[in-house]
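Taking it in order: structure first as structure tokens, then the write-up.
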Amino acid sequence: MHFVERSDGKGTRPATLRDARKLGLLPSPTSILQCLDKPALTTWKIEMACLAVLTAPRKPGEELDAFVERVLHTERQQDEQAQKARDLGTQLHAAIEAVLTGEQCPKELEPFVMPATEAMKQFGTVQSTEAVVVGDRCAGRLDATFWNGSVTTIVDIKTASNPPIKGSWLEHRLQLSFYAKALDNGGGPLQTANVYIGTKAPGIVVVDIHTDWRETYDRGFKPLLQYWMFANDYDPSAP
């Protein structure tokens, strides 16, 4: 439950930990992974903040500290690029889901979407898209699962201006390990895969497959889950 009704009845707002305690909600894998240090993301945020300050017009007589406060904290101009990136990512995810379920892709997104869906054909037949997965004290929505007659592949799609060239980023492997652990019922071999779509130019697709998800879960995601529960004094499985 990412959003809850506002108390004044005027739409919704993001769910909080207080809402989770009240409603017995489960955290998402992305919430758990907020415990991780993300140097690349931090660097990108710094760059966006610098760009915002360098390009924003300064009001006549405005002191430097007041200018920085206004640009970064009041108007939050550095968030504009981040929002554009999120919007594009949402559009591409929706378009890929449409193609995987036999629907049409918006023409303007085809140069990005079609190479990605073509790359995913190596995994076999689509079994599910946007399925809600509930695991140990955690729940999330995975992008797609495929079956090739012998192996199930759990796929998570990511958009990035510069996709990784030496394997998936750690947090993405950890996220997928949760989904694999939650879906592992002994019915057959599972593997996970990140499909990265480059957003700087059409046609850039990077696929990274993982068969070591059990170790990634046991040594990586599970300890983070334990820490998150401890740090937030929250355990939805407790009586």
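Those letters in the sequence shown? Residues 937 to 1175, by the numbering used here.
Cβ atoms here follow ideal geometry from the backbone N, Cα and C, with glycine treated the same way.
Return yes when the Cβ of Met1056 is within less than 8 Å of the Cβ of Val1131, no when it is not. yes
Take Ala1184 and list the residues in its own chain whose beta-carbon comes closer than 8 Å to its own, dropping the five residues that flank it on each side. For residue 1184 there is no data in the structure shown, the boundaries of the chain being 937 and 1175.
Closer than 6 Å by C-beta to Leu1157: which residues in its own chain qualify, once you throw out the five before and the five after it? Chain order, please. Looking at the sequence itself, residue 1157 is Phe, so the reference to Leu does not match. For Phe1157, where only same-chain residues beyond five positions count, the Cβ hits under 6 Å are Leu1110, Ser1113 and Phe1114.
Close beta carbons around Trp1105, own chain, < 6 Å, minus the five adjacent residues each side: none
So, helix, strand or coil for Glu1151, using DSSP? helix
Going by DSSP in three states, Ile1093 sits in which element: helix, strand or coil? strand
Do the CB positions of Val1087 and Gln1127 come within less than 8 Å of each other? yes
Sub-8 Å separation of Leu1161 and Arg1073 beta-carbons: yes
Can we say the segment 1085–1100 touches the segment 1057–1071, given the rule of at least three CB pairs closer than 8 Å? yes
Name the residue from Thr978, Gly1139 and Leu1008 whose alpha carbon lies nearest to the alpha carbon of Ala992. Leu1008
Going by DSSP, what residues sit across from Ala1067 in a beta bridge? Leu1078
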